[in-house]
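Under our numbering, read the sequence shown as residues 117 to 750, first letter to last. Using N, Cα and C, we set each Cβ at its ideal position, and we do this for glycine too.
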Amino acid sequence: MTGAAIQQTGNPRAETPDFSRAKDIFAQIVSVAQSAPSTTDFVRLVFRAVASNYKAVYAVMHVEVAGRVVSDDCHTGTQDPALWKTKTSQFLTQAQVLSKPKAKLFEAKDVSVRIALLSCPIADGEGKTIGAIAMVVPCKTREDAHEQLAEFRACTSAMSAGIGLLTLRQHQQPASAQTNDISGNIGTLATVSQRKGLHELAFAITNTLRSKLGCEQVALGRVHGKRARLLSISGFDKLSRRSPGVAAVADAMEECLDHGSTVVCQSTRDAKDPLDSDFRIHRAWQAEAQGATVASIPLATPTGIEAVISIRLMPGKQFSKDELAAIEKAVEPYALAIGLVDRATRSLVGHAVASAHHTARDFVNPASAARRLGCIACCLGAYWFATASIPFRVTVPAVVTPATMQHMVAPFDAPVAEIFVGAGDKVTQGQLLCKLDTRMIEIQRAEADANLKSVSMQADIARAAGELARAEQLSADIGVQEARRAMFDAQLEAASVRSPVDGVVMIDTVSDHIGQMLAVGAPMFQIAPTDSMRIELEVAESVAARIHTAKTAQFSSSAMPEEHYAMAINHRLPMAEVRNGRTVFVSYAEIEDGAVDWLRPGMKGVARVDAGERKAWWVVLRKAIDFANMRLWL
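Here it is in structure tokens:
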């Protein structure tokens, strides 16, 4: 399917549209304008009616009216609207930015299917672009697309006129009617904000008040103690509290909070006006607002002031006594709604902070029972801290080491033939570790066996011949050959190197030397028996003297920190050592419950050494006391 742009200035070949298809929608727009309760409702209803009238495959709207952003979309038919969402959004943005309609025709070469993508801007009563509508509609011909675009422009123009009329109607309402309308929206605002949060409620309140009252600006601040935290200013999505204008509003709210009642600064500054007051911070805010009338209204509940609403009127306008009273009465229920939403949407951490704040506030009250109880508890705690004794425990680095080590060496000169284990492997007693090459030994044993048979035969012949002396000499040779054969048998047996104990191979020096000749006595393996593990403690010199008499400790491995094992300290080295740049005294301890299957040499962890009981204050302040003694010579 290909697309072609449709010129907005018209097509000479196109006939003048008769607007016959738009008659019904124009009637609907007029009807909605007469019955719509608000401008936002009017915009939504007209958008849906236009999309339905043109059987839009997909339609989208984005309009800002009455201080609110109204976004909506819809589709008809069975076609998936996701295909058109990207292009429609682009057309919507272009119509809003360029403030002119746009259209594009899509058609396929092999089928008679044509789709038109239309977009038109929407203006307010003063002709300012406030949004746009874009939609995908079916059409028969290019001329039909031109007609639909012209009708669509007429519909959006009627929609813009309706927005202007409704806005003018709302501004012309008396103050009592406006404030009654405001009060009627409180329940809806609270219900929505219970799902979204306090900031969303504040945004809705400020923009609703600005729209209904027809004022220049409305701000809302939440009271915390004696401070007012600004939540929302109408017409602003985000607040920069460092901005001078925002700071002036926040300061005015706190001045109203300190005063405890409504503060008004009229633009005329008439001393005879009973509403006009001369509060310094509000006058400063008024000066930044080019002399416009400003006011701050506290929203109070039986428990105190929950929030403050600050209002800035249009230039040249002032508050009358009746208008101000009506506004105060209308916004009064907001206090309960703000407190309710704040508590309902507060997180668990927020509840904890609020509870701590109230507790602290009650505690500092001289007449509070909580303060008296707190003082008693503090005195008891101080007495316990000064007199009680608690266990003194020192945590030191620890590592698992073998108590003994089995060294395996080459039994004779021979090459390495096979290796069956490596460093870190767990072995059992009698397990085959490696084999040495025995081919030369087997040849030598065969030679010794042959010599033995030869000498035995010669001895038998000598005895038969009566040569007793020779027979005796040959008998001695038989003993020599039998000894040689026994030596070779022992070497053949020793060629299969086996583990003498159950343990873990700590060092393997032959894995990289298969086929290489080993000299007799050359180191092959080092095996740590698993039944003789001990814990090596590295005690810092700063605490070594204080725990030198300690006999018990607990060990926790980094591999399984949740497991704790009781140990008995049984040996201490008398000399200090330097390890990893630290001077330490090494001690050794054994696990009291016996061997632990999963412990391996080299595993690291920590040991908590029990050094008896000391005063609580000394245990807590020990490091500070040592620092003072070393640095200040106290």
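DSSP puts K420 in a beta bridge; with which residues?
The sequence shown places Gly at residue 420, not Lys. Note: G420 sits in a beta bridge opposite T417.
According to DSSP, simplified to helix, strand and coil, what is L715?
coil
Helix, strand or coil for V185, going by three-state DSSP, please let me know.
strand
How about K720 and V516: are their beta carbons less than 9 Å apart?
yes
Please classify L314 as buried or exposed, where buried requires at least 16 neighbouring CB atoms within 10 angstroms.
With at least 16 other beta carbons inside 10 angstroms of its own, L314 counts as buried.
Identify the continuous beta strand (DSSP E) that holds S672 and give its terminal residues.
668 to 673
Starting from H687 and walking both ways along the beta strand (DSSP E), at which residues does that stretch end?
681 to 695
Unbroken alpha helix (DSSP H) run spanning M603, endpoints
Where M603 is concerned, the enclosing alpha helix (DSSP H) stretches over 584 to 610.
Would A530 pass as a contact of L653 if the rule is Cβ separation under 9 Å?
No; because the gap between Cβ atoms is not below 9 Å, this pair is not in contact.
Just confirm the distance between the C-beta atoms of A248 and A211, as a whole number of angstroms; I'd bet it's less than 8 Å.
Between A211 and A248 the Cβ distance is about 4 Å, and since that is below 8 Å, they are a contact.
Could you spell out where the alpha helix (DSSP H) holding R509 opens and where it closes?
Careful: R509 lies outside any alpha helix (DSSP H), inside the beta strand (DSSP E) at 505 to 518.
In terms of alpha-carbon separation, which member of T475, F222, E609 lies closest to L489?
T475
Looking at M251: is its Cβ nearer than 9 Å to the Cβ of V173?
yes
Taking the C-alpha atoms as reference points, what is the distance between I594 and V532?
33 Å
Three or more C-beta pairs below 8 Å linking the segment 425 to 442 and the segment 375 to 384
Contact holds: three or more Cβ-Cβ distances are below 8 Å.
Per DSSP, which residues does C190 bridge with? Please list them.
A175
R191 versus K354: straight-line alpha-carbon distance, rounded:
For the record, residue 191 in the displayed sequence is His; it is not Arg. Cα to Cα, H191 sits roughly 33 Å from K354.
Which partner residues of K783 appear in the DSSP bridge assignment?
No statement about residue 783 is possible, as the shown extent of the chain runs from 117 to 750 and does not include it.
From M369, R258, T204, S151, residue whose alpha carbon lies closest to that of L234
T204
Might you give, ordered along the chain, the residues of its own chain that have their beta carbon closer than 7 Å to the beta carbon of K731, omitting 5 neighbours on each side?
S505
In terms of residues, what are the limits of the beta strand (DSSP E) holding Y450?
Note, Y450: premise wrong, no beta strand (DSSP E); alpha helix (DSSP H) at 450 to 460.
Cα-Cα separation between I535 and E609, rounded to whole angstroms
16 Å
Do V736 and F501 come within 9 Å of each other at the CB atom, strictly closer than that value?
yes
Does the separation of the CB atoms of M676 and V613 fall below 9 Å?
No, Cβ-Cβ distance for M676 and V613 is not below 9 Å.
DSSP state of P360, grouped into three classes?
helix
Measuring CB to CB, does V365 end up less than 9 Å from S426?
yes
Nearest by alpha-carbon distance to R258: which of I231, E267, C271 is it?
I231
Does the segment 392 to 401 come close enough to the segment 444 to 461 that 3 or more CB-CB pairs lie under 8 Å?
no
Secondary structure at Q406, three-state DSSP: helix, strand or coil?
coil
For N169, count the other beta carbons within 10 Å of its own beta carbon; 16 or more makes it buried, fewer makes it exposed. Which is it?
buried
In three-state terms, what does DSSP make of I663?
coil
Looking at the secondary structure, which residues open and close the alpha helix (DSSP H) in which I443 lies?
437 to 447
For M369, which three-state DSSP category applies?
helix
Best match in Q402, I279, L284, L265 for proximity to Q333 [C-alpha to C-alpha]
Q402
Would you say M649 and L549 are within 9 Å of each other, going by their C-beta atoms?
No. Outside cutoff.
Extent of the continuous beta strand (DSSP E) to which V762 belongs
One cannot answer for residue 762 here, as it falls past the ends of the chain, which runs 117 to 750.
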